[in-house]
Amino acid sequence: MKLKTNAFLQAIRAGKPQIGLWATLAAPNATDAIADAGFDWVVIDTEHSPNDLPLVVQHLRCFTGTNTTPIVRPDWNDAVKVKGILDAGAPGLVFPMIQSADEARAAVAATRYPPHGLRGVSGVTHANRFGRTTDYFQRIHDETAVIAQAETRAALAQVTEIAAVEGVDGVFFGPADIAADMGLLGQTMHDDVWAAIKEAAAPLIAKGMPVGTLVSDAGFARHLLAEGFTFVACGTDAGLLARSADQLVATVRNG
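Numbering (the working numbering), first residue to last: 217 to 471.
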């Protein structure tokens, strides 16, 4: 048995736009419902969602046999937590709150086996199909997506250095936290927020470094992809459910 090629990683390296969704409901049945929708990538969130490792395993299994690549966001840049997520079979991780090149290097190291990093070695895990994947150790570094999340003005100022760290495959801009850091809490679509993000993203795009983000406006998501963003999540499962429920009630009640 051979290790599966990471379709998301292959696509962003080739500059092919990738449309994503955020899975936040901590309910594998909900993830199962979106798994065949046709998104290129879906983030399984553990930072702002009550997902623990056993639930992450269930979420990941929802994408078996689909064309969607699941990416996990750990709740922190923690090598021990990353080890468990990787052993569960996650093809990639979005590391939150990366503030410097050193923190980006620590994130990469958490995904690499010695001597290139500090990931602990287990020969029988879900990730290597319990020892059946014969080329796992030879290829896993090249098939694991490492995305660094820039979420503050300090991170924006250092984003070029963060992106230059060997092993970082892309930079994800977090508009909610950037807005908060700018004194614009809750105003994720504020012009000043996006002016700052686009200014920081421009040199990365020019160098061919994949950049991504999360927005809840389909039109703006298309706009960002047209401007050179490579991977854009255009909503969350919880947001879709809430808006659809509101719309349904309003439609029936108002006639």
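Ideal placement from N, C-alpha and C gives every residue a C-beta, glycine not left out.
This structure is a prediction, so every number in the text was calculated from the model and none was measured.
Check	Outcome
Measure the CB-CB distance between I314 and A251 and report whether it falls below 8 angstroms.	no
If you count every other CB in all the chains shown that lies within 10 Å of the CB of M405, and 16 or more means buried, which is it?	exposed
Rounded to the nearest angstrom, what separates T240 and V273 at their Cα positions?	14 angstroms
Would you mind stating whether Q302 and I287 have Cβ atoms separated by less than 8 angstroms?	Strictly speaking, residue 302 in this sequence is Leu, with Gln absent from that position. No, they are not a contact pair.
Could you compute how far the alpha carbon of P419 sits from the alpha carbon of D385?	15 angstroms
Using only the alpha-carbon positions, how far apart do A325 and L464 sit?	47 angstroms
Just to confirm, are M425 and V468 a CB contact at a threshold of 8 angstroms?	no
Are the beta-carbon atoms belonging to G236 and W257 less than 8 angstroms from one another?	yes
Excluding the five sequence neighbours on either side, which residues of its own chain have a C-beta within less than 7 angstroms of the C-beta of I421, listed in chain order?	V427, G444
Quick one: what does DSSP say F436 is sitting in, helix, strand or coil?	helix
Okay, do the segment 262-269 and the segment 290-304 touch, 3+ Cβ pairs below 8 angstroms being the bar?	yes
What residue does the beta strand (DSSP E) around T429 start on, and which one ends it?	427-430
For P266, which residues from the same chain have a beta carbon less than 8 angstroms from its beta carbon, with the 5 sequence-adjacent residues on both sides left out?	A242
Using a threshold of 8 angstroms, state whether the C-beta atoms of G339 and G333 are closer than that.	no
Checking the sheet assignment: what are the DSSP bridge partners for A289?	Note on identity: in this sequence residue 289 is Arg, with Ala being the wrong assignment. According to DSSP, which records beta bridges pairwise, R289 is partnered with D261.
Using the DSSP secondary-structure output, state which residues sit across from A361 in a beta bridge.	G308
On a CA-only basis, which of T285, R289, N283, F279 is nearest D268? Give me that one, please.	R289
Does L241 come out as helix, strand or coil in the three-state DSSP assignment?	coil
So, helix, strand or coil for A380, using DSSP?	coil
Which same chain residues end up closer than 7 angstroms to M217 when comparing Cβ atoms and leaving out the 5 residues on each side of it in sequence?	R345, R348, T349, T350
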